[in-house]
Amino acid sequence: MITKIIEKAINEQIRKEEDSSRIYLSMASWSQVNGFQGAAEWLYAQSDEERMHELKLIHYLNDRGGTAQLADLEIPTTKFKSLLDVFQQVLKHEEYISASINEIYAISIKQNDYSTGNFLQWYITEQIEEESTAKAVLDQIQLAGEEKGGLFHMDKELAALAAKKRASQLAAATTNAGI
Ligand SMILES: [Fe+2]
Ligand SMILES: [Fe+2]
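Residue numbers (the numbering used here): 1288 to 1466.
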């Protein structure tokens, strides 16, 4: 059985993961409209991944005797200055999510809820990867600067990264389904 404090903290994280999914969906849409097809593919895949993070929390909470509760969400912005602006915001958002995960982890330890602490380890590891990928992409966009050729190359790289992400999502879905 889960405590009310942990239930509240996990429900808050469920809201944040759903919010992340919508923020990236909005960024994906902007990228598609503005001719960054590779970035759009990566962000659409990223949006799906955040939905998966949300779902994993919902299942965990319900399995432990809590009740998952969805929340109202803000309308995500559709106004971005550039691809650089998009990825600056991606990195900032991931840093915010990492801090949030660390906070729930600290609460779970304070509550002597080691099962939740153990469950959250997956998110802690995931956040290291999320931040490092966002930082790597951002560095390359910064290097490309405003130069068209550089951004074109970067967009191709993002398309390749998106294909890799889709393949690992498929593998994870197959494992979860027990196939
Ligand atoms: Fe996430
Ligand atoms: Fe994320």
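We put the CB at the ideal spot given by N, CA and C, even for glycine.
Closer than 7 Å: residue i CB and nearest ligand 1 heavy atom
i: Ser1316; result: no
i: His1340; result: yes
i: Glu1304; result: yes
i: Ser1402; result: no
i: Ser1307; result: yes
i: Glu1299; result: no
i: Glu1337; result: yes
Pick from the options that is closest to residue i, judged by C-alpha positions
i: Asp1426; options: Tyr1410, Lys1379, Leu1371; result: Leu1371
i: Glu1361; options: Ala1459, Arg1302, Ala1296; result: Arg1302
i: Ile1297; options: Ile1428, Ser1316, Ser1395; result: Ser1395
i: Leu1312; options: Ala1355, Ile1293, Thr1364; result: Thr1364
i: Arg1309; options: Gly1322, Asp1359, Thr1290, Ile1293; result: Asp1359
i: Val1377; options: Glu1337, Gln1398, Asn1399; result: Glu1337
i: Leu1330; options: Ser1387, Ser1307, Gly1352; result: Ser1307
i: Lys1295; options: His1380, Lys1452, Leu1357; result: Leu1357
i: Ala1332; options: Phe1367, Ser1316, Val1320, Gly1322; result: Ser1316
i: Asn1463; options: Lys1451, Met1339, Lys1291, Glu1381; result: Met1339
i: Glu1417; options: Met1288, Asp1350, His1380; result: His1380
Residue i - DSSP class collapsed to helix/strand/coil
i: Asp1442; result: helix
i: Asn1321; result: coil
i: Glu1433; result: coil
i: Ser1468; result: For the chain, the structure presents residues 1288 to 1466; residue 1468 sits outside this window and is missing.
i: Leu1360; result: coil
i: Phe1367; result: coil
i: Ile1384; result: helix
Residue i Cβ short of 7 Å to ligand 2 heavy atom set
i: Ile1384; result: yes
i: Glu1381; result: yes
i: Glu1417; result: yes
Tell me, please, whether the stretch 1318-1328 touches the stretch 1337-1348 by the rule of three or more beta-carbon pairs shorter than 8 Å. no
At least 3 beta-carbon pairs within less than 8 Å: the stretch 1386-1393 vs the stretch 1402-1419: yes
Does the contact criterion of 3 or more C-beta pairs under 8 Å hold for the stretch 1438-1449 versus the stretch 1414-1429? yes
Any 3 or more C-beta pairs closer than 8 Å across the stretch 1372-1379 and the stretch 1451-1460: no
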